[in-house]
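J.: After the structure tokens below, expect a handful of questions from me.
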Amino acid sequence: MADCLAQTVLSIAGSDPSGGAGIQADLKTFTRLGVYGAAAITCLTAQNTLGVTAVYPLAPEIVAEQVRVVLADLQVSHIKIGMIGSALIASAVNQVLDDFQGEIIYDPVLTSTSGMPLLVSAADLPDLDGLISRVTVLTPNLVELRQISGEDCLSAQDSLSAARGLLGRYPRLQAIVIKGGHFAARGEVDNYLLLATEPQAPIKISLPRLVVKNSHGTGCTFASAFAAYRLLGADYELACRQSSSFVWRLLRAGMNVNYGHGSSGLPHHLLKAESGR
Numbered sequence: 052m053a054d055c056l057a058q059t060v061l062s063i064a065g066s067d068p069s070g071g072a073g074i075q076a077d078l079k080t081f082t083r084l085g086v087y088g089a090a091a092i093t094c095l096t097a098q099n100t101l102g103v104t105a106v107y108p109l110a111p112e113i114v115a116e117q118v119r120v121v122l123a124d125l126q127v128s129h130i131k132i133g134m135i136g137s138a139l140i141a142s143a144v145n146q147v148l149d150d151f152q153g154e155i156i157y158d159p160v161l162t163s164t165s166g167m168p169l170l171v172s173a174a175d176l177p178d179l180d181g182l183i184s185r186v187t188v189l190t191p192n193l194v195e196l197r198q199i200s201g202e203d204c205l206s207a208q209d210s211l212s213a214a215r216g217l218l219g220r221y222p223r224l225q226a227i228v229i230k231g232g233h234f235a236a237r238g239e240v241d242n243y244l245l246l247a248t249e250p251q252a253p254i255k256i257s258l259p260r261l262v263v264k265n266s267h268g269t270g271c272t273f274a275s276a277f278a279a280y281r282l283l284g285a286d287y288e289l290a291c292r293q294s295s296s297f298v299w300r301l302l303r304a305g306m307n308v309n310y311g312h313g314s315s316g317l318p319h320h321l322l323k324a325e326s327g328r
């Protein structure tokens with residue numbers, strides 16, 4: 052218990068001034084789930100509930116120094132990575148994590164919901180290879196899985212095949228969660244968990260599909276919740292189930308509230324305090 056209380060989850064991600072996504076969503080999630088969170092900012096953004104209007108990647112050495120000083124002082128056991136912003140930042144983060152022995156959960160935020168690229172260009176994708184080779188858990192949605200794998204992923208089976216290919220390509224990867232919100236609409240949303248130990252036996256986690264307006268930051272919240280639950284002792288399957296349920300309950304809680312004129316962030320503050328301890 053004492054060791055768990057002293058451990059930290061570090062978020063390496065962009066900043067969302069509207070509070071819905073990025074490090075703001077990550078820190079809200081860590082606090083709500085009862086773990087200590089730290090944050091290193093990769094990019095400043097200009098965005099609100101209506102969309103992203105500008106992205107300003109920080110100098111790679113500034114990002115790396117933020118990570119370095121946190122790792123040198125705090126007991127970081129888990130890292131959650133979100134928006135990187137540029138190939139140079141990806142390289143800098145990869146280098147500064149060279150001696151990190153804990154678990155890394157990567158939510159590969161490559162494009163905003165409104166369609167704005169969150170890397171400098173699509174040509175940066177190959178430069179993410181070194182970073183992905185370092186991570187333990189990957190949590191792409193369907194669009195991100197297509198971009199990373201280079202596969203069409205026209206069906207759930209195509210997506211599972213693409214994920215298996217990634218597990219084979221990156222030996223450190225222990226699990227991939229394919230978030231199912233972008234699959235063809237039906238009565239349920241299916242998240243798929245593939246484990247490196249059993250890639251032919253995907254675990255499907257289904258929840259009722261909610262028709263909601265406010266879904267900004269769901270991917271960030273899912274990955275940061277996954278990191279928090281892992282710190283608290285959950286295995287991969289339990290962490291995936293708990294994170295899926297956590298995001299679903301946030302979506303439901305936000306159905307009748309609005310914090311802007313577009314798609315609002317999730318109302319972490321409206322859920323009862325929850326901890327995996």
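In short: position in the sequence shown from 1, add 51, done, that's this note's numbering.
We treat Cβ as the ideally placed atom computed from N, Cα and C, and that holds for glycine.
Spatial neighbours of Gly-88 within its chain, please: C-beta separation below 6 Å, excluding the five flanking residues on both sides.
T.: Mapped onto the sequence shown, residue 88 falls at position 37. If we look at Gly-88 and ignore the five residues flanking it on each side, its Cβ neighbours are Val-60, Leu-78, Phe-81.
J.: Among Asp-149, Leu-182, Gly-102, Val-147, which residue has its Cα nearest to the Cα of Pro-159?
T.: Within the sequence shown, the letter at position 108 stands for residue 159. The residue with the shortest Cα to Cα distance from Pro-159 is Leu-182.
J.: Cα separation between Ala-90 and Ala-64?
T.: Start at 1 with the first residue of the sequence shown, and residue 90 comes out as number 39. Start at 1 with the first residue of the sequence shown, and residue 64 comes out as number 13. Distance between the alpha carbons of Ala-90 and Ala-64 is about 8 Å.
J.: Rounded to whole angstroms, what's the CA-CA distance from Val-86 to Tyr-310? Just pull it up for me.
T.: Taking the sequence shown and counting its residues from 1, the one referred to as residue 86 is at position 35. Taking the sequence shown and counting its residues from 1, the one referred to as residue 310 is at position 259. If you take the alpha carbons of Val-86 and Tyr-310, they lie about 26 Å apart.
J.: Using the C-alpha atoms, what's the distance from Ala-214 back to Leu-56?
T.: The sequence position of residue 56 within the sequence shown is 5, counting from 1. The sequence position of residue 214 within the sequence shown is 163, counting from 1. Rounded to the nearest whole angstrom, the C-alpha separation of Leu-56 and Ala-214 is 34 Å.
J.: Quick one: Cα of Asn-192 to Cα of Gly-136, how far?
T.: Translated into the one-based positions of the sequence shown, residue 192 becomes position 141. Translated into the one-based positions of the sequence shown, residue 136 becomes position 85. Approximately 18 Å, taken between the alpha carbons.
J.: Can you give the Cα-Cα distance for Gln-98 and Tyr-287, rounded to whole angstroms?
T.: Here the question's residue 98 lines up with position 47 in the sequence shown. Here the question's residue 287 lines up with position 236 in the sequence shown. In a straight line, the C-alpha of Gln-98 is about 33 Å away from that of Tyr-287.
J.: Determine, using beta-carbon pairs with one atom in the stretch 256-265 and one in the stretch 198-211, whether at least three such pairs fall under 8 Å.
T.: no
J.: Measuring alpha carbon to alpha carbon, tell me which of Thr-104, Val-103, Pro-68, Gly-102 ends up nearest Ile-92.
T.: Stepping through the sequence shown from its first residue, residue 92 is reached at position 41. Answer by Cα proximity: Pro-68.
J.: Quick check on DSSP: helix, strand or coil for Glu-202?
T.: Looking up residue 202 in the sequence shown gives position 151. Here Glu-202 sits in coil by DSSP.
J.: Specify, as a first and last residue, the run of the alpha helix (DSSP H) that Ala-278 falls within.
T.: Mapped onto the sequence shown, residue 278 falls at position 227. First-last of the alpha helix (DSSP H) with Ala-278: 269-282.
J.: Buried or exposed: which applies to Ser-315, given that a residue is buried once 16 or more other Cβ atoms fall within 10 Å of its Cβ?
T.: Within the sequence shown, the letter at position 264 stands for residue 315. Ser-315 is buried by the Cβ-count criterion.
J.: Give the range of the beta strand (DSSP E) segment to which Gly-216 is assigned.
T.: The residue labelled residue 216 in the question sits at position 165 within the sequence shown. Here Gly-216 belongs to no beta strand (DSSP E); instead the alpha helix (DSSP H) covers 207-220.
J.: How long is the line joining the alpha carbons of Phe-151 and Ala-72, rounded to whole angstroms?
T.: Counted from its first residue, the sequence shown places residue 151 at position 100. Counted from its first residue, the sequence shown places residue 72 at position 21. The alpha-carbon atoms of Phe-151 and Ala-72 are separated by roughly 25 Å.
J.: For Ala-207, which of Leu-245, Glu-249, Tyr-221 has the nearest alpha-carbon?
T.: As a working mapping, residue 207 is identified with position 156 in the sequence shown. Closest option to Ala-207, Cα to Cα, is Leu-245.
J.: Using the Cα positions of Val-240 and Ile-256, report the straight-line distance between them to the nearest angstrom.
T.: Walking along the sequence shown from the start, residue 240 turns up at place 189. Walking along the sequence shown from the start, residue 256 turns up at place 205. Cα to Cα, Val-240 sits roughly 8 Å from Ile-256.
J.: Between Leu-95 and the rest of its own chain, which residues show a CB-CB distance below 6 Å, the 5 nearest in sequence each way excluded?
T.: Position 44 of the sequence shown, counted from the start, is the residue given in the question as residue 95. Correct list, in chain order: Ser-66, Tyr-107.
J.: Going by the CB atoms, is the gap between Leu-161 and Val-186 shorter than 8 Å?
T.: Position 135 of the sequence shown, counted from the first residue, corresponds to residue 186. Position 110 of the sequence shown, counted from the first residue, corresponds to residue 161. Contact flag unset, no.
J.: Could you tell me if Arg-281 is buried or exposed, where buried requires 16 or more neighbouring beta carbons within 10 angstroms of its beta carbon?
T.: The residue labelled residue 281 in the question sits at position 230 within the sequence shown. Classification of Arg-281: buried, given that the 10 Å Cβ count is 16 or more.
J.: On a CA-only basis, which of Lys-323, Leu-109, Val-308, Leu-205 is nearest Thr-100? Give me that one, please.
T.: Locating residue 100 in the sequence shown gives position 49, where the first residue counts as 1. Minimum Cα distance to Thr-100 is reached at Val-308.
J.: Tell me the DSSP secondary structure of Ile-229 in three-state form.
T.: The residue you call residue 229 lines up with position 178 of the sequence shown. Reduced to three states, the DSSP call for Ile-229 is strand.
J.: The beta strand (DSSP E) spanning Val-60 covers which residue range?
T.: On the sequence shown, residue 60 is found 9 positions in, with the first residue counted as 1. Counted as a single uninterrupted DSSP element, the beta strand (DSSP E) harbouring Val-60 occupies residues 58-66.
J.: Tell me, to the nearest whole angstrom, how far the beta carbon of Ser-275 is from that of Ser-62; I am working on the premise that it is less than 8 Å.
T.: On the sequence shown, position 224 is the one that residue 275 refers to. On the sequence shown, position 11 is the one that residue 62 refers to. Contact holds; Cβ gap of about 6 Å.
J.: Relative to the alpha-carbon of Ser-184, which residue among Ser-212, Leu-148, Cys-204, Leu-211 has its alpha-carbon at the smallest distance?
T.: Here residue 184 is taken as the residue at index 133 of the sequence shown, counted from 1. Answer by Cα proximity: Leu-148.
J.: What do you reckon, are the CB atoms on Ala-226 and Val-194 nearer than 8 Å?
T.: Residue numbering aside, residue 226 sits at position 175 when the sequence shown is read from its first letter. Residue numbering aside, residue 194 sits at position 143 when the sequence shown is read from its first letter. Not closer than 8 Å, so no.
J.: Return helix, strand or coil for Ala-105, following the three-state DSSP convention.
T.: Position 54 of the sequence shown, counted from the first residue, corresponds to residue 105. Residue state, collapsed to three classes: strand.
J.: Tell me, which residues are paired with Gln-126 by DSSP?
T.: Counted from its first residue, the sequence shown places residue 126 at position 75. Answer is Gln-58.
J.: Taking its Cβ as the centre, do 16 or more other Cβ atoms sit within 10 Å of Ser-212, making it buried, or is it exposed?
T.: Stepping through the sequence shown from its first residue, residue 212 is reached at position 161. Ser-212 comes out exposed.
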